[in-house]
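One structure is given here, and the rest of the page talks about it.
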Amino acid sequence: FENTFMMYLPRLCEHCLNPSCVATCPSGAIYKREEDGIVLIDQDKCRGWRLCISGCPYKKIYFNWKSGKSEKCIFCYPRIESGQPTVCSETCVGRIRYLGVLLYDADRIEDAASTEHETDLYERQCDVFLNPHDPAVIEEALKQGIPQNVIDAAQRSPVYKMAMDWKLA
Numbered sequence: 788f789e790n791t792f793m794m795y796l797p798r799l800c801e802h803c804l805n806p807s808c809v810a811t812c813p814s815g816a817i818y819k820r821e822e823d824g825i826v827l828i829d830q831d832k833c834r835g836w837r838l839c840i841s842g843c844p845y846k847k848i849y850f851n852w853k854s855g856k857s858e859k860c861i862f863c864y865p866r867i868e869s870g871q872p873t874v875c876s877e878t879c880v881g882r883i884r885y886l887g888v889l890l891y892d893a894d895r896i897e898d899a900a901s902t903e904h905e906t907d908l909y910e911r912q913c914d915v916f917l918n919p920h921d922p923a924v925i926e927e928a929l930k931q932g933i934p935q936n937v938i939d940a941a942q943r944s945p946v947y948k949m950a951m952d953w954k955l956a
């Protein structure tokens, strides 16, 4: 066993629009938060029947044999609520995971995606993003029915700064 090693394999929940794991949980322990769509398991309600494991088409729920309960990615909701990125996106060495709220001009997406030269794609994508601190953007977003809490989340989100200021995306 001299070549044996341990590694962490993240099993990121998709936080589905209509999560089948919620429907398969007979104890009602799995729920989708209304305010942000994060799917969670109430550990006090979980009875460890494991039907949610087979109910998840992405196999993102696992059983903790020590606690006797099902567990899953919680989308680092305490970090999200404080405006920080999830741990998986913050520590991803390949820089392929970016999470956050971006305000964007939906009318310009098709134009940005249909650029002739692939090398221009990044700049064209950045042209679609809207500055969440710009008073004109905020005014138009509110006029378009974007809730204030979404605008606040976009202002706290590190994703705009990562893409536009630091050019990391």
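Residues in the sequence shown are numbered from 788 upward in steps of one, following my numbering.
Note that the Cβ used here is the ideal one computed from N, Cα and C, for glycine as well.
So what does Ile-817 bridge to, in DSSP terms? Answer is Ile-828, bridged to Ile-817.
Given this structure, state the Cα-to-Cα distance separating Pro-813 from Leu-838, to the nearest angstrom. 8 Å
Closest residue to Glu-897 among Gln-912, Ile-883, Val-874 and Pro-844 (Cα-Cα distance): When Gln-912, Ile-883, Val-874 and Pro-844 are compared, the shortest CA-CA separation from Glu-897 is found for Gln-912.
Less than 8 Å between the CB atoms is what I'm expecting for Pro-872 and Pro-919, so what's the real figure, rounded? Actually they do not touch by this definition, with Cβ atoms about 15 Å apart.
Return helix, strand or coil for Glu-858, following the three-state DSSP convention. strand
Beta-bridge pairing of Leu-890 - partner residues as DSSP gives them: Secondary-structure assignment with DSSP links Leu-890 through a beta bridge to Leu-917.
Would you report the Cα separation of Gly-824 and Cys-803, rounded to the nearest angstrom? Each residue's Cα considered, the two are about 8 Å apart.
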